[in-house]
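Participant: Structure incoming, see below.
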Amino acid sequence: MEKRLFTELGLTPEILKAVDKMGFEEASPIQTAVIPTILTGRDVVGQSSTGSGKTAAFAIPAIEKVDTQQRAVQVLILCPTRELAVQVAEETGKLAFFKRGVREVPIYGGQSYERQYRALEAGAQIVIGTPGRVMDLMERGALKLNALKLVVLDETDRMLDMGFRDDIEHILKSVPEKRQLLFFSATIPRAIQDLITRYSRDPAWIKIEAVAKNAPQVEQVWFEVDRRSKIEALTRLIDVHDFRYGIIFCSTKIMVDDLDEHLHSRGYQTDRLHGDLSQTQRDRVMDKFHRHAFEFLIATDVAARGLDVNDLEVVFNFDLPNDAEDYTHRIGRTGRAGRSGRAFTFVSGQELYKLQSMVRWAKLDIRRGKIPSLDEVDEARTNVFFEKIRSTLEAKEFKPHDQMIDRLLDQGYASTDICSALIHLLQGAVAPAAGKTPSAPPPASARERAAPARPAAARAAKPAPDWARPVAAPGAEKAAPVASPVPGEAEVATKAKYERPARTGAEKGMATVFLNVGRKHLITPADVVGKIAGVTRLPASVVGAIDIHQRHTLVDVAESEVAVIVKKLTGIMMKGETLAPALASETA
Ligand code: ADP
Ligand code: MG
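Take the sequence shown: its position 569, counting from 1, is numbered 569 in this note's numbering, and each next residue is one higher.
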């Protein structure tokens, strides 16, 4: 179902102004379909999922229909609970903000009659109430419905579930014959069918399909992930599936920046999009993304609105979206044009309930998945690597190196050993053996080790990933334990163990920078590399040895970049401290 601008729906300037003030950019599908029909005066049965904007779909035409000259109740909106009545009244109030002389009043049990009498006497034209209290006030003669033009039953299914059927029928029988009747409901069970047949005349049935059905080619999976383990879970999923092109959605700008920094420092090619960027900056990012100049776009919903990208392999919901509609928007960007795509959603803690209700209302076809263990990541990595070797052999995409091979064979090495040694070199110094190589760089993300052919792998030393933190720095006696449900963490910590040589001053081509944060601030090498790479957007390889002390850290960086690094880090917050970096020689 398409969406249109509110300006295309035949509304008055006052409503358009209010809608704009409320920040609505365009009408939702149910609004697009229903508003013009209601304005024609026809009865309507509107069916769409929760969060699809049904309130404005009936409140806008209701307001438009009010004759402000007449101080009598013209619109009656029935809701199942007082909370909903209040909510609908609030939204109606906002929508009627610029309509002079339109008044609305919520009516529900538990509130003093006095107040409600007064509001009614003052001439409210729109009454929003629960069936019980509405009947009550009708019987007391306080609520007169002889001028009524429009009756709305909001959440009809719930009202029937709550046993309001008799009250509703009673009310419908007491209102003028010539009135328009609207039913809104997420579902239309038998009992509602009956009400519709009995009380409405030739209604327009407008049903907005649950969106998941529009995107059947998207494989949807959710993962329960502890908040602190999200980044690790994300990188494992990317590595296992060998994704190269996708969008990662976060709920806030800060999250976007943070994740961008982290992924960048782990060797993924990322860029970001959020509301703080200028239009020119956004255009530049999108242009690069279209050209596949980087792999993952990290974005907020607002920024990613209306993006036109077609061939995404995956959409990650790093944070759960607010409602089913946002969810569907997000995942609609993958699996387009007949391709199959994937939508992976992270859920932590309480969000599980939110997801469940989204699944129920929007009938999402989503299954639960398991974050791959490190062994699985390893295996997938091996498979990718194997495939690469095989296809290179197949296509004969290599120059012969017979001479060197002959030399090695001459020295008595077996061909299988020679190949193993080469693979070992290609895959980088990882695995348990790495711990014995003092000069080995800390292992990077699985991806870094996995794909020697990709450009990112050309970068040298990478920070220790989060899961390696507890053992990352010598002398960091007790780093904070990383509690997490992601499997295999402990095992990795051992695998990733490595030792740095004792510091003897900066190597050639490197300069040492002093940072005023240290163990006291729970700083890890990964934090340092992440910060530098993230803030300067230089490759992480500009960072060399890192030496963390109690209150300060000495970090070697490429001499050619040291000025930029010091400049960019100055004044930046890190673990609650304002950084004041300096060349180490200046402070010694
Ligand atoms: P429903 O009744 O279908 O469950 P609501 O009417 O409660 O949905 O709307 C859900 C949310 O969406 C509300 O916060 C509402 O203000 C917002 N909303 C409604 N219409 C629009 C729109 N056209 N654009 C943006 N937000 C909207
Ligand atoms: Mg509603």
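We treat Cβ as the ideally placed atom computed from N, Cα and C, and that holds for glycine.
Which runs of the alpha helix (DSSP H) spanning at least 4 residues fall entirely within the stretch 161 to 242, listed in chain order?
Facilitator: DSSP runs (the alpha helix (DSSP H)) wholly in the stretch 161 to 242: 165 to 174, 190 to 199, 230 to 241.
Participant: Please list the terminal residues of the continuous beta strand (DSSP E) segment that includes F296.
Facilitator: That run of the beta strand (DSSP E) goes 296 to 299.
Participant: Is K207 a contact residue of the ligand HEM, with contact defined as CB to any heavy atom under 7 Å?
Facilitator: This structure lacks the ligand HEM; the ligands present are the ligand ADP and the ligand MG.
Participant: Kindly list the residues whose CB is nearer than 6 Å to the CB of I248, restricted to its own chain and excluding five residues on each side of it in sequence; keep chain order.
Facilitator: Same-chain partners within the cutoff: F296, I298, F316, F318.
Participant: Counting only the same chain and skipping the five closest in sequence on each side, list residues whose C-beta sits under 8 Å from that of I192.
Facilitator: Counting only Cβ-Cβ distances below 8 Å, and skipping sequence neighbours, we find T156, D157, L160, F183, S185.
Participant: Which residues does DSSP list as the beta-bridge partners of M135?
Facilitator: DSSP output for M135 lists no bridge partner at all.
Participant: Comparing alpha-carbon positions, which option in V557, E376, T328, R100 lies nearest V240?
Facilitator: The shortest C-alpha separation from V240 is found at E376.
Participant: Report yes if the CB atom of V513 is closer than 8 Å to the CB atom of V566, and no otherwise.
Facilitator: Their beta carbons are under 8 Å apart, which means V513 touches V566 by this criterion.
Participant: Taking 7 Å as the line, does the beta carbon of F385 fall inside it for any heavy atom of the ligand ADP?
Facilitator: No.
Participant: So the alpha helix (DSSP H) T536 belongs to, where does it begin and stop?
Facilitator: Where T536 is concerned, the enclosing alpha helix (DSSP H) stretches over 525 to 536.
Participant: Verify the contact flag: Q47, CB atom, against every heavy atom of the ligand ADP, threshold strictly below 7 Å.
Facilitator: No, the Cβ of Q47 stays beyond 7 Å of every heavy atom of the ligand ADP.
Participant: Short of 6 Å in beta carbon distance, which residues of its chain neighbour A431, apart from the five on each side in sequence? Order them along the chain.
Facilitator: Only weak support is given to the placement of A431: the predicted model assigns it a pLDDT of 35, under 50, and the question is left unresolved by the model.
Participant: Out of E177, G544, V134, E325, which has the shortest C-alpha to C-alpha gap to F598?
Facilitator: For residue 598 there is no data in the structure shown, the boundaries of the chain being 1 and 588.
Participant: Once DSSP output is grouped into helix, strand and coil, what is the label at A545?
Facilitator: Residue state, collapsed to three classes: strand.
Participant: State the start and end residues of the unbroken alpha helix (DSSP H) segment that holds A147.
Facilitator: No alpha helix (DSSP H) contains A147, which DSSP labels as neither H nor E.
Participant: Go ahead and pull the three-state DSSP assignment for R551.
Facilitator: Note: R551 maps to coil in three-state DSSP.
Participant: Along the chain, which unbroken stretches of the alpha helix (DSSP H) at least 4 residues long are found entirely within the stretch 64 to 141?
Facilitator: Segments of the alpha helix (DSSP H) lying fully in the stretch 64 to 141: 82 to 95, 113 to 121, 131 to 139.
Participant: Can you tell me whether DSSP reads V566 as helix, strand or coil?
Facilitator: Three-state DSSP puts V566 in a helix.
Participant: Among D276, G275, Q279, D311, whose alpha-carbon lies nearest the alpha-carbon of F289?
Facilitator: Of the listed residues, the one whose Cα sits closest to F289 is D311.
Participant: By DSSP, does L263 sit in helix, in strand, or in coil?
Facilitator: If DSSP states are grouped into helix, strand and coil, L263 belongs with the helices.
Participant: Start and end of the alpha helix (DSSP H) containing A572?
Facilitator: Ala is not the amino acid found at residue 572; the sequence shown has Ile there. Unbroken run through I572: none, as it is neither H nor E.
Participant: Using only the alpha-carbon positions, how far apart do K21 and L95 sit?
Facilitator: If I take the Cα positions, the gap works out to 9 Å.
Participant: State the Cα-Cα distance for the pair A204 and C79, rounded to the nearest angstrom.
Facilitator: One C-alpha to the other measures close to 21 Å.
Participant: Would DSSP call F318 helix, strand or coil?
Facilitator: Coil, per DSSP.
Participant: Does the separation of the CB atoms of R272 and D260 fall below 8 Å?
Facilitator: It is a contact, given that the beta carbons lie within the stated cut-off.
Participant: What did DSSP end up calling F289 once you bin it into helix, strand or coil?
Facilitator: Three-state DSSP puts F289 in a helix.
Participant: Okay, do the stretch 68 to 83 and the stretch 38 to 50 touch, 3+ Cβ pairs below 8 Å being the bar?
Facilitator: Taking 8 Å as the limit for Cβ pairs, the verdict is that the stretch 38 to 50 does not touch the stretch 68 to 83.
Participant: Pull up the CB-CB distance for V314 and R342, whole angstroms please, since I reckon it's below 8 Å.
Facilitator: Rounded, the Cβ-Cβ distance is 5 Å, consistent with contact.
Participant: Am I right that I548 and G518 are in contact with their C-beta atoms under 8 Å? What's the rounded C-beta distance?
Facilitator: Contact holds; Cβ gap of about 6 Å.
Participant: Should L5 and A33 be called a contact, given that it needs their Cβ atoms to be closer than 8 Å?
Facilitator: Result no, Cβ atoms of L5 and A33 do not sit closer than 8 Å.
Participant: Report yes if the C-beta of G53 is less than 7 Å from at least one heavy atom of the ligand ADP; otherwise report no.
Facilitator: G53 Cβ: within cutoff of the ligand ADP.
Participant: Inspect the CB distances between the stretch 354 to 373 and the stretch 222 to 231 and report whether three or more fall short of 8 Å.
Facilitator: Yes: the two stretches touch, three or more of their Cβ pairs being nearer than 8 Å.
Participant: DSSP on E577, reduced to helix/strand/coil?
Facilitator: It is a strand residue.
Participant: Nearest to E209 by alpha carbon, out of D410, A293, A414, W361?
Facilitator: Per the Cα distances, W361.
Participant: Give the straight-line distance between the Cα atoms of K99 and P106, rounded to the nearest whole angstrom.
Facilitator: Answer to the nearest angstrom: the Cα atoms are 18 Å apart.
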